[in-house]
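What follows is a short report on a single structure.
There are 2 protein chains.
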Amino acid sequence: MTQPRPAGQHTVRRHNSALVLGAIATAPGISRAGVAARTGLTKATVSSLVDRLIGAGLVHDAGPEQRPGPGRRGTSLSLSPAGPHGLGVEIGVDYLATCLVDLTGAVRHERIRPVDNRFRPVADVCTDVAAALDEELREAAGAQVTVGGIGVAVPGLVEASTGLLRRAPNLDWHDVDIPAELRGRVSLPDAAILVGNEANFAALAELWTGGHDDLHDFVHVSGEIGIGAGIVIGAELFSGVRGFGGELGHFPVDSDGPHCPCGARGCLERLAGQDAILERAGAADLDALLDRLATGDGAATGAARHAAARLGIALSSVVNLLDVPAVVLGGTYARLYPWLAEPLRAELGARVLSASWSPVGVVCSTLGTEAAVRGAAASAVRAIVADPDAFMDGR
Amino acid sequence: MTQPRPAGQHTVRRHNSALVLGAIATAPGISRAGVAARTGLTKATVSSLVDRLIGAGLVHDAGPEQRPGPGRRGTSLSLSPAGPHGLGVEIGVDYLATCLVDLTGAVRHERIRPVDNRFRPVADVCTDVAAALDEELREAAGAQVTVGGIGVAVPGLVEASTGLLRRAPNLDWHDVDIPAELRGRVSLPDAAILVGNEANFAALAELWTGGHDDLHDFVHVSGEIGIGAGIVIGAELFSGVRGFGGELGHFPVDSDGPHCPCGARGCLERLAGQDAILERAGAADLDALLDRLATGDGAATGAARHAAARLGIALSSVVNLLDVPAVVLGGTYARLYPWLAEPLRAELGARVLSASWSPVGVVCSTLGTEAAVRGAAASAVRAIVADPDAFMDGR
DNA sequence: CGAGATAGTTTGACGCCTGAACTTATCGAC
DNA sequence: GTCGATAAGTTCAGGCGTCAAACTATCTCG
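Residue numbers (the numbering used here), protein chains in the order written: chain E, 1 to 395; chain W, 396 to 790.
Okay, structure coming up:
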């Protein structure tokens with residue numbers, strides 16, 4: 001819990017700077033007058049704040065705007081493409097991905113490297129990560145832009161207060177201080193390094209760059225090797241008290257179901273995970289499954305329906321508890337969306353108490369497996385946009 | 396989602412007023428200098444703010460404090476017992492409770508009236524509520540205090556944005572505008588009326604007046620006729636996006652379990668609700684059950700263990716999802732606590748992923764069935780303490 | 001080319017916090 | 001008993017950031 005701090009004029013300026021920058025971010029090309037109208041601040045204040053933001057290299061003045069009708073043209077403002085960039089890394093179970101995005105979230109460079117990280121020592125993996133980071137840093141240097149922050153997505157439980165990776169079952173890591181490991185291996189600028197769970201970052205990427213209108217509250221379910229959920233409420237990530245939230249994979253959905261390494265029976269992961277679907281369908285891999293689904297194969301569609309029903313049982317509990325109006329299917333589930341959506345909607349409609357007057361939306365993720373890296377990179381720049389004064393004071 | 400507003404000097408004052416009043420509320424008897432040290436504001440600012448708060452009747456100056464050592468004595472500040480009071484009403488299924496509390500949350504008057512409200516028309520019940528409110532208002536008038544706000548606890552789903560009671564299954568009500576119904580029936584001051592779910596109010600009461608130290612994050616489970624959960628995170632209520640959150644009663648805990656009116660099978664409410672426990676134990680009512688538990692009766696203790704295990708299944712999902720470090724047993728469960736706690740702890744320990752390094756606390760509620768009314772009344776005064784400027788400007 | 005409309009800047013005022021000096025109050029030592 | 005040390009509370013000038021209003025700049029239309 002962040003303890004409340006006294007407010008002063010600087011607090012006001014900080015708040016309003018973020019307000020102005022947020023307005024420019026959500027409506028690129030807006031004029032100072034437009035920002036004033038949108039935020040409720042006066043033109044004078046907006047001018048003063050915008051000048052500061054331009055001075056810090058966060059906002060770009062693109063000259064007079066095109067607009068019909070009488071009156072002087074405003075100057076078109078937008079987030080500066082030359083401003084600080086965000087660098088994202090995802091330490092996946094079987095790949096390593098990096099990504100460089102500008103302030104608007106646009107991807108400038110991206111690379112995915114297949115590596116089997118299962119049970120590799122922390123030091124080895126971090127050396128790889130450092131090399132991958134160096135590559136992106138050179139990319140940034142070549143484009144004459146600075147890196148304002150780094151986001152690291154990991155498949156495990158990250159403690160919010162310390163940034164420690166507490167458990168990563170599929171990597172067999174525990175209690176790893178990733179920022180510390182990296183700082184020793186790569187010539188980083190004094191940028192902030194923030195570590196987070198991949199499912200959470202993926203949910204944020206979907207929120208920011210998924211292209212869904214007015215989707216500020218949802219649960220993003222990513223079916224990868226495990227099943228993780230990212231909860232977004234009020235356009236903000238909700239990751240629980242200590243950051244360990246969103247663990248959906250071990251929701252019990254069948255008291256007679258198969259045993260799970262976690263000790264319980266009938267965990268969602270065992271019944272609706274990627275491996276479970278493939279096995280039930282008798283398909284070798286995801287591509288084979290998709291082929292057979294496309295031809296209307298009975299076993300394949302049956303497996304999808306079965307998984308969707310189990311997913312619906314778990315998600316209906318989530319919706320009843322959190323009252324989120326929509327579910328986003330990501331990761332593997334995004335590719336299976338056409339076959340999952342209907343049975344999932346049916347299950348949710350039957351089990352969610354508020355569904356009778358307010359049905360739960362089921363939406364397909366637009367970002368694929370890259371969602372997590374994108375989210376990690378975007379988080380770094382979002383942190384700057386959300387609090388530009390902190391960034392400006394820091395340098 | 397509340398859209399961000401521009402900040403000005405008034406925002407600063409508002410924030411700091413709340414900060415100062417909060418410091419006085421959490422440390423009664425503190426001096427101006429103490430508040431300054433605790434909040435980080437200067438003595439000058441604190442003096443100015445405190446004077447305003449005293450002027451508004453929110454803070455009481457109790458003369459010089461007792462303290463050893465040299466130096467001038469500070470003046471002892473505390474929330475004014477003569478300040479605005481909070482009035483709470485709970486429309487229960489089989490009772491109607493009212494409660495009047497002062498700014499500190501201390502109960503000044505309380506009354507519970509047994510009434511069977513099942514399936515009574517809205518108008519009839521609201522007439523009773525109005526009469527009960529009038530009684531408390533006369534009480535307040537007799538004590539020369541004003542009522543600063545009214546909280547209404549109801550057993551149903553309340554929409555946060557509108558304050559409408561959407562569904563109350565056990566009353567058979569839907570879409571009731573309780574503030575509107577009341578304003579026509581009782582001579583209210585222009586006080587704010589806030590309607591909320593009883594489980595949520597109960598959780599807040601536990602947070603504020605439960606006497607638990609450093610318990611700012613928990614799920615409060617109240618086992619009454621239904622099973623409701625109030626989620627408190629960061630010392631604030633989390634009631635979901637639209638306010639319908641916390642519905643725990645229909646979590647599926649046994650895929651072979653009995654059918655539930657909701658349409659599903661094996662809902663928690665059917666397996667761990669008060670009626671289910673009594674039936675399994677073969678007890679006529681709760682007192683009979685407690686008697687038999689006290690004697691170590693096998694059927695009774697077995698029924699308790701059985702319910703606790705089912706409750707554990709549902710709560711472990713909640714904890715995995717929200718990462719709350721503690722569970723508070725309230726309502727009927729509070730009375731059964733000695734027999735529920737151990738099996739519940741065992742179930743949570745086995746099913747919660749983070750339990751291995753951070754066990755989930757299981758705590759007994761200290762407030763009984765009065766928690767909800769208390770919470771409703773306290774909410775009204777908390778709203779004033781949390782934002783005193785809004786209260787001061789309003790009058 | 002001038003009236004009207006819209007964008008952006010300048011200027012003075014106001015509110016609120018801050019820091020330092022000042023007043024008030026109490027204790028302990030001589 | 002008086003003096004000095006210590007702490008609480010008040011007063012006052014100063015700074016900062018927003019606001020309102022006046023002013024300048026630019027564009028369209030008649």
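Where a beta carbon is used, it is the ideal one built from N, C-alpha and C, also for glycine.
For E:Ser76, the three-state DSSP class (helix, strand or coil) = If DSSP states are grouped into helix, strand and coil, E:Ser76 belongs with the strands.
inquiry  = In the DSSP assignment, the alpha helix (DSSP H) including W:Ala431 goes from what residue to what residue?
reply    = For W:Ala431, the enclosing alpha helix (DSSP H) stretches over residues Arg427 to Thr434.
task = Give every residue of the same chain whose Cβ lies closer than 7 Å to the Cβ of W:Ala526, excluding the five residues on either side of it in the sequence, and list them in chain order.
result = none
inquiry  = Could you check whether the Cβ of E:Thr301 sits closer than 8 Å to any Cβ belonging to chain W?
reply    = no
request  = State buried or exposed for W:Arg427, treating a residue as buried only when at least 16 other CB atoms are found within 10 Å of its CB.
outcome  = buried
key: Simplified DSSP assignment, three categories, for E:Leu204   = In the structure shown, E:Leu204 sits in a helix (DSSP, three-state: H, G or I).
task = Please classify W:Thr440: is it buried, with 16 or more other beta-carbons within 10 angstroms of its beta-carbon, or exposed?
result = buried
query = Apart from the five residues just before and just after W:Val524, which ones in its own chain have a Cβ nearer than 7 Å to its Cβ?
reply = Val484, Ile486, Leu491 and Leu577
ask   = Can you tell me whether DSSP reads E:Gly361 as helix, strand or coil?
value = Residue state, collapsed to three classes: strand.
task = Return no unless some Cβ of chain E is closer than 8 Å to the Cβ of W:Leu552.
result = yes
key: Cβ distance (whole Å) where W:Leu414 is taken to contact W:Thr434 below 8 Å   = 5 Å
inquiry  = List, in chain order, every chain E residue whose beta-carbon is nearer than 7 Å to that of W:Ala501.
reply    = Listed along chain E is no residue with a C-beta nearer than 7 Å to that of W:Ala501; the closest approach is about 24 Å.
ask   = For the beta strand (DSSP E) that contains W:Cys662, what are its first and last residues?
value = Where W:Cys662 is concerned, there is no enclosing beta strand (DSSP E), given that its DSSP letter is neither H nor E.
query = Going by the CB atoms, is the gap between W:His504 and W:Val776 shorter than 8 Å?
reply = no
key: Closest Cα partner of E:Leu340 within the set E:Ile313, E:Ala309 and E:Val324   = A check of alpha carbon separations from E:Leu340 across E:Ile313, E:Ala309 and E:Val324 identifies E:Ala309 as the nearest.
ask   = Taking C-beta to C-beta, are W:Val590 and W:Gly543 nearer than 8 Å?
value = Contact: no.
request  = Note the first and the last residue of the continuous alpha helix (DSSP H) segment covering W:Ala689.
outcome  = Leu681 to Ala689
Best match in E:Phe238, E:Val373 and E:Thr301 for proximity to E:Pro343 [C-alpha to C-alpha] = E:Thr301
key: Closer than 8 Å to chain W by CB, E:Arg5   = yes
ask   = From what residue to what residue does the alpha helix (DSSP H) around E:Leu137 run?
value = Val122 to Gly142
query = Using the rule of at least 16 other Cβ atoms within 10 Å of the residue's Cβ for burial, across every protein chain shown, is E:Asp431 buried or exposed?
reply = No answer is possible for residue 431 of chain E: it lies beyond the span of chain E, which begins at 1 and ends at 395.
key: The beta strand (DSSP E) enclosing E:His60, as first and last residue numbers   = Val59 to Pro64
request  = Could you tell me whether the Cβ atoms of W:Ala772 and W:Gly546 are closer together than 8 Å?
outcome  = Cβ atoms of W:Ala772 and W:Gly546: closer than 8 Å.
message = Among E:Pro252, E:Ala284 and E:Arg292, whose alpha-carbon lies nearest the alpha-carbon of W:Leu716?
response = E:Pro252
key: First through last residue of the alpha helix (DSSP H) which encompasses W:Pro738   = Tyr732 to Arg746
query = CA-CA distance, W:Gly810 and W:His611?
reply = The displayed coordinates of chain W run from 396 to 790. Any statement about residue 810 of chain W would go beyond what the structure contains.
request  = Say whether chain E places a C-beta atom closer than 8 Å to the C-beta of W:Asp718.
outcome  = yes
request  = Report the residues of the region 511-538 of chain W with a CB closer than 9 Å to any CB of chain E, ordered along the chain.
outcome  = none
task = Going by DSSP, name the residue or residues bridged to E:Thr98.
result = The partner list for E:Thr98 (beta bridge, DSSP) reads E:Val89 and E:Arg111.
task = On a CA-only basis, which of W:Pro399, W:Ala422, W:Gly424 and W:Ala432 is nearest E:Pro6? Give me that one, please.
result = W:Ala432
request  = Return the first residue and the last residue of the beta strand (DSSP E) that E:Val154 is part of.
outcome  = Val147 to Val154
request  = Could you tell me which chain W residues have their CB closer than 8 Å to the CB of E:Asp213, listed as they occur along the chain?
outcome  = Per Cβ cutoff of 8 Å: no residues; E:Asp213 is ~14 Å from chain W at best.
Beta-carbon gap between E:Asn200 and E:Gly246 smaller than 8 Å = The criterion of a C-beta distance shorter than 8 Å is satisfied by E:Asn200 and E:Gly246.
query = Looking at W:Ile419 and W:Leu472, is the spacing between their C-beta atoms short of 8 Å?
reply = yes
inquiry  = Going by DSSP, what residue range makes up the alpha helix (DSSP H) through W:Asn592?
reply    = Segment Ala587 to Asn592 is the beta strand (DSSP E) holding W:Asn592; no alpha helix (DSSP H) there.
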